[in-house]
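Undergrad: My questions all concern the structure below.
Shown next, in the form of structure tokens:
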């Protein structure tokens, strides 16, 4: 009987619905503008309508297999998307499910690769996180839209971010951290809002409270080869530390000239240990530079510095002159090409290579090479000792043009050529202060300035402060300068000990060896000869070993105190070349 009544009332309800084209729930008089009017009872206002709840996959399956015409029939069908936690409706005009929470709907991502997850910050037990702690994700967006990504650790700190992506493809999302790590250990990160690639289990290591330790600054050393424009791959800085209280550590450098170094971890025992800071970035300069090392220790030495030894790019040199008085001598060539010991990737001067572009004793030929290039190239450095290759108007003009374009020149004057030197000085520096040296009839030695901070006087081949350089021109043929161009450095005064004893002594402001920073120009007032043989206090002052290494030798007029000295011509020459190649890499005629 009950079944029959139920069927009857159902038939009656449907009949009324069909007749009125309206349905009323809890009301006998549905609003005339509705097809469904659901009204709460006056005695119970605690109920609502439940729209079908589906996952996003279940929502998409609703339209599976339907034709376009059938999809039009269900335009505006409404569901509650439990994945998005929002109502969605089907929009036939845009042929997609639309979200009432945002016009774009939910963003869709490809599974996140573990290699695209980067953890930033040092996570320490009991220390609150700050802006330096976050996750950086490189996500592959398949559909633009809104998203919420949360990452939990179960250890007192978590990550959360909600936003919108407007473009498909690879995008970077930074997820800030909040909270405070509770326990030391390795935490597995649980992601919600984006799926991870199969097998990806990202982690964060939480260190113990900060250790107390001191840096041993004298042990700091940069390891590996550093080249401008080449990204670091395995270069490190190592230094020793003395640990008083074990715990976590963070040792870093700021980013300088494109690179930085860092190391973090835990010291488990007290005592001395070595820490390796790993480098990242790409150097942007060709010169050595200092980096500050900062440690997070609350006590003790926490700041050091380390020199980054940049390797200079491959460069070339050209030689004008011939014989033992020139750079074409076997002794000086050996010094430049001794298997990279002096100039090479592991040499005294770190450079990829330093090779000869051309060499000639004919100044006319040299002028043509400088004016027109040699095989379409210009040398980075010109080594011109002019004895036997005296300057002419043609080569002087070519040198002026080369120097004014940034070319680096090491120039040794020829005998009695003050007029030619003045033409060169006028063209390069707009001044002509060259003159013949005051004669006393003997070869002479000259004091090198005391300037340990100078890159030539205290260069890679020795600190020559207070030592001596010798001429071999019986003085009268040498060419000195009575005053120097601005931005110049006097290396040797023209007032030697012997000349200072003359009745008309040479002014100490006069210079026989000097250089100019602005024009990449190094000047020596005499093209001295070089030798392999010591030859006591006689012979030639520039002494090299068979392997091309510079040596000092006893040299000078007579044996009187102050006249005969150990001279360091070879070391000074190589310091000058080292200065020139560094200048060429920074401000030379060729881009590096």
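Numbering (mature numbering (1 follows the signal peptide of the UniProt record, and there is no 0)), first residue to last: -20 to -1, 1 to 572. The C-beta atom is built at its ideal place from N, Cα and C for all residues, glycine as well.
Three-state secondary structure (DSSP) at residue -7?
TA: Reliability of the predicted coordinates at residue -7 is poor, the pLDDT of 49 falling under 50, and the value obtained from them is presented with this limitation in mind. If DSSP states are grouped into helix, strand and coil, residue -7 belongs with the helices.
Undergrad: Can the beta-carbon of residue 114 be found less than 8 Å from the beta-carbon of residue 155?
TA: With contacts defined by Cβ atoms closer than 8 Å, residue 114 and residue 155 form a contacting pair.
Undergrad: Grouping DSSP H, G and I as helix and E and B as strand, with all else coil, what is residue 405?
TA: helix
Undergrad: Let me know the secondary structure DSSP gives residue 307 once reduced to three states.
TA: coil
Undergrad: Any idea if residue 283 is buried or exposed, counting beta-carbon neighbours within 10 angstroms, 16 or more meaning buried?
TA: exposed
Undergrad: Grab the span of the beta strand (DSSP E) containing residue 288 for me, first residue to last.
TA: 283 to 288 is the extent of the beta strand (DSSP E) around residue 288.
Undergrad: For residue 33, count the other beta carbons within 10 Å of its own beta carbon; 16 or more makes it buried, fewer makes it exposed. Which is it?
TA: Of the other Cβ atoms in all chains shown, fewer than 16 fall within 10 Å of the Cβ of residue 33; this residue is therefore exposed.
Undergrad: Helix, strand or coil: which one does DSSP assign to residue 332?
TA: Residue 332 falls in the coil class under three-state DSSP.
Undergrad: Have a look at the DSSP bridge pairing and note the partners of residue 33.
TA: 60
Undergrad: Taking only runs of the beta strand (DSSP E) that begin and end inside the segment 374 to 403, which ones reach a length of at least 3 residues, in chain order?
TA: 388 to 392
Undergrad: Do you know offhand how far residue 402's Cα is from residue 233's?
TA: Taking the straight line from one Cα to the other gives about 50 Å.
Undergrad: Look at the alpha carbon of residue 166 and the alpha carbon of residue 553, and state the distance between them as a whole number of angstroms.
TA: Residue 166 and residue 553: Cα-Cα distance of roughly 58 Å.
Undergrad: Take the Cβ of residue 447 as the centre, count every other Cβ of all protein chains shown within 10 Å, and call the residue buried at 16 or more, exposed below.
TA: buried
Undergrad: Tell me whether residue 127 sits in a helix, a strand or coil according to DSSP, three-state version.
TA: strand
Undergrad: In chain order, which continuous runs of the beta strand (DSSP E) of length 3 or greater are located wholly inside the segment 112 to 167?
TA: 114 to 123, 125 to 132, 137 to 145 and 149 to 159
Undergrad: Going by DSSP, which residues form a beta bridge with residue 77?
TA: Note: residue 77 sits in a beta bridge opposite 70.
Undergrad: Give me whichever residues DSSP pairs with residue 245 in a beta bridge.
TA: 229
Undergrad: Give every residue of the same chain whose Cβ lies closer than 7 Å to the Cβ of residue 416, excluding the five residues on either side of it in the sequence, and list them in chain order.
TA: 396, 398, 456 and 459
Undergrad: Determine, using beta-carbon pairs with one atom in the segment 325 to 332 and one in the segment 286 to 300, whether at least three such pairs fall under 8 Å.
TA: yes
Undergrad: Nearest-angstrom Cα distance between residue 557 and residue 390?
TA: 8 Å
Undergrad: Between the alpha carbons of residue 195 and residue 229, how many angstroms are there, rounded?
TA: 12 Å
Undergrad: Going by beta carbon distance, what residues of the same chain come within less than 6 Å of residue 555, once the five residues before and after it are set aside?
TA: 436, 439 and 441
Undergrad: Out of curiosity, what's the CA-to-CA distance linking residue 121 and residue 127?
TA: 11 Å
Undergrad: Determine which residues share a DSSP beta bridge with residue 534 and list them.
TA: 546
Undergrad: Suppose you measure from the CA of residue 244 to the CA of residue 276; what does that come to, to the nearest Å?
TA: Whole-angstrom Cα-Cα distance: 10 Å.
Undergrad: Which residue's Cα is closest to the Cα of residue 488: 92, 478 and 160?
TA: 478
Undergrad: Taking the continuous beta strand (DSSP E) assigned at residue 414, which residues delimit it?
TA: It spans 414 to 416 - the beta strand (DSSP E) in which residue 414 sits, taken as one unbroken run.
Undergrad: CB residue 218 to CB residue 259, shorter than 8 Å?
TA: no
Undergrad: What's the call for residue 513, buried or exposed, on a 16-neighbour Cβ count within 10 Å?
TA: exposed
Undergrad: Among 176, 432 and 445, which one has its Cα closest to the Cα of residue 90?
TA: 176
Undergrad: Just to confirm my understanding: we take residue 287, look at its own chain, exclude 5 residues before and 5 after, and list those with CB closer than 7 Å. What are they?
TA: Once the five neighbours on either side are set aside, the close Cβ partners of residue 287 are 202, 268 and 270.
Undergrad: Exposed or buried, residue 573, counting other C-beta atoms within 10 Å across all chains shown (16 or more means buried)?
TA: The question about residue 573 has no answer, for the chain in this structure spans -20 to 572.
Undergrad: Can you check which of these residues, 162, 112 and 173, is closest to residue 141 by C-alpha distance?
TA: 173
Undergrad: Could you name the residues that DSSP lists as bridge partners for residue 170?
TA: 132
Undergrad: With 16 as the cutoff for other CB atoms within 10 Å, does residue -12 come out buried or exposed?
TA: Bear in mind that a pLDDT of 42 at residue -12, under 50, signals an unreliable position, so the number given afterwards is only what the model happens to contain. Label assigned to residue -12: exposed.
Undergrad: Under the three-state reduction of DSSP, which class applies to residue 349: helix, strand or coil?
TA: helix
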